[in-house]
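Residue numbers (the working numbering): 7 to 500. Note sheet for the following structure.
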């Protein structure tokens with residue numbers, strides 16, 4: 007965690023939080039606010055101790071200005087509280103900044119006639135520098151937290167194109183002044199929570215803002231990276247005492263790993279390193295969280311950390327009533343036993359995938375998934391060795407792996423996700439083979455290339471998984487044969 011630390015003058019006092027919406031940026035800004043607003047009064051909590059121990063330095067008390075652009079109305083502005091508790095409605099971002107740092111004196115500093123009023127243009131760097139120096143005279147550092155810039159910028163510029171230049175000038179002068187000021191830092195999140203703001207104009211504005219911050223910033227900061235997601239999920243869904251002793255989970259991990267190693271030689275050869283990877287992620291299957299974080303974040307409607315949290319919250323709310331699998335994997339996205347509908351969490355995901363366009367077309371993923379799950383249930387009913395609905399899990403894993411359209415799932419990918427429940431390998435391979443023969447939505451072209459084994463049957467070999475563009479699934483009943491939904495070649499098991 008970066009802090010404007012002992013805060014002398016810093017060559018690079020500007021930090022930009024670099025993640026798409028839902029990546030933990032706003033939570034990071036809130037955390038910074040509380041840590042330096044009044045460090046002496048921080049509560050005695052485990053989370054606070056973690057931060058202070060990691061920082062290993064005295065936290066400075068700061069005058070904090072928050073530019074929460076999603077709360078700044080483009081016409082009326084917002085109500086702001088000054089350092090002395092005075093409240094004022096202000097319309098322009100530089101006025102909001104000035105009043106939080108210095109109250110009426112900040113507005114007078116910016117005004118050409120020294121009046122306690124707003125000015126219409128962005129103040130130049132020299133005035134910004136004078137403003138940012140004010141807290142230091144009281145022994146305070148200055149921290150400026152900026153969030154959701156595009157939310158305001160896209161709307162304001164849409165109403166009045168002149169504001170494009172005004173906002174760019176404001177941020178240019180602000181960042182230049184912050185770099186030169188004593189004990190001052192800026193932490194900024196530029197993107198908007200609403201994906202609709204990232205249209206062609208929104209993207210142009212974003213790139214222009216990036217250009218300004220890139221000139222003055224240190225390296226970008228990612229509040230939550232892929233390796234953190236399991237810890238974020240644990241802290242969100244479990245009581246702290248229940249997850250404090252990580253070694254207590256090892257026996258559960260070892261049991262799950264035995265099943266995966268029986269299906270996957272690579273996992274078996276990795277041994278201890280694979281075990282540690284699963285232990286670090288427990289009880290969440292690391293390969294599943296990776297699918298969401300590396301593949302699904304390519305979908306415009308899926309919001310990184312927030313999207314992962316919401317998805318698992320929906321899934322666990324229902325699955326905890328009936329699921330008995332050792333890991334939280336594709337199993338939690340199944341509907342309750344006996345139900346022919348898809349779960350609420352799965353429907354959430356199909357809705358996100360359906361909203362995506364591929365070559366001008368959208369796919370009805372809910373209907374497609376319902377049909378494939380129905381086939382899997384029929385196969386499971388005739389297969390004794392799949393006690394944890396591994397056939398249905400394979401369908402869900404295939405769907406998850408193959409988003410955005412064009413992505414692929416290998417047989418090994420499925421085995422790793424399904425192996426924790428120790429399904430019978432022969433029975434599982436037979437079930438997957440039957441699915442390739444009955445599915446309308448596996449890659450027909452790749453299936454045709456699969457090697458034929460003894461008895462004239464195709465091996466469960468180079469195909470099992472990608473789903474891509476086809477005609478609307480509403481027309482699926484008219485198709486005389488399985489339709490190609492994408493290529494995914496898989497090594498022959500064993």
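Heads up, the beta-carbon is just placed ideally off N, CA and C, and yes, glycines get one too.
| field | Rounded C-alpha distance that separates residue 109 from residue 71 | value | 11 Å
| query | So, using beta-carbon positions, are residue 254 and residue 187 closer together than 8 Å? | reply | no
| query | Can you give the Cα-Cα distance for residue 309 and residue 60, rounded to whole angstroms? | reply | 28 Å
| Alpha-carbon spacing of residue 466 relative to residue 258, whole angstroms | In this predicted model, residue 466 has a pLDDT of only 43, less than 50, meaning its place in the structure is not dependable; the value taken from the coordinates is given anyway. Cα to Cα, residue 466 sits roughly 30 Å from residue 258.
| message | I'd like the span of the beta strand (DSSP E) that includes residue 56, first residue to last. | response | That residue, residue 56, is in no beta strand (DSSP E); its alpha helix (DSSP H) goes 52-61.
| message | Please state whether the Cβ-Cβ distance between residue 100 and residue 116 is less than 8 Å. | response | yes
| request: Within 10 angstroms of the Cβ of residue 419, are there 16 or more other Cβ atoms? Answer buried if so, exposed if not. | output: buried
| said: Using 8 Å as the threshold, is the C-beta distance between residue 104 and residue 175 below it? | reply: no
| said: Let me confirm a value: residue 51 is counted as buried when at least 16 other C-beta atoms fall within 10 Å, else exposed. Which label applies? | reply: exposed
| task | Could you pull out every unbroken alpha helix (DSSP H) segment of at least 4 residues lying fully inside the segment 325-398, listed in chain order? | result | 350-360, 371-387
| field | Spatially closest choice to residue 382 from 306, 69, 126, 439, by CA coordinates | value | 439
| How about the segment 417-437 and the segment 361-371: do they share at least three Cβ pairs that are nearer than 8 Å? | no
| Cβ-based burial, residue 342 [other Cβ within 10 Å; buried from 16] | exposed
| residue 479 burial status per 10 Å Cβ neighbour count (16 or more: buried) | The predicted model places residue 479 with a pLDDT of 36, which falls under 50 and marks its position as unreliable; any figure quoted below should be read in that light. Looking at its Cβ environment, which holds 16 or more other Cβ atoms inside 10 Å, residue 479 is buried.
| request: Provide the residue span of the beta strand (DSSP E) that contains residue 181, from first to last. | output: Element bounds for residue 181: not the beta strand (DSSP E) but the alpha helix (DSSP H), 168-186.
| request: Output the distance between the C-alpha atoms of residue 73 and residue 125, rounded to the nearest integer angstrom. | output: 17 Å
| said: How far does the alpha helix (DSSP H) with residue 264 in it extend, from its first residue to its last? | reply: 256-269
| message | With H, G and I counted as helix, E and B as strand and the rest as coil, what does DSSP make of residue 19? | response | coil
| Given that a residue counts as buried once 16 or more other Cβ atoms are within 10 Å of its Cβ, and exposed if not, what is residue 165? | exposed
| Coil, strand or helix - residue 243 by DSSP | helix
| Reduced DSSP category for residue 105 - H, G, I as helix; E, B as strand; rest coil | helix
| query | Among residues of its own chain, excluding the 5 on either side of residue 267, which ones have a beta-carbon nearer than 6 Å to its beta-carbon? | reply | 273, 274
| Option in 304, 426, 362 with minimal Cα separation from residue 290 | 426
| request: Identify whether residue 128 lies in helix, strand or coil by the three-state DSSP scheme. | output: coil
| query | Whose C-beta lies closer than 6 Å to the C-beta of residue 35 among residues of the same chain, with five residues either side of it excluded? | reply | 151, 153
| message | Pairs of beta-carbons, one from the segment 354-363 and one from the segment 383-395, closer than 8 Å: are there three or more? | response | no
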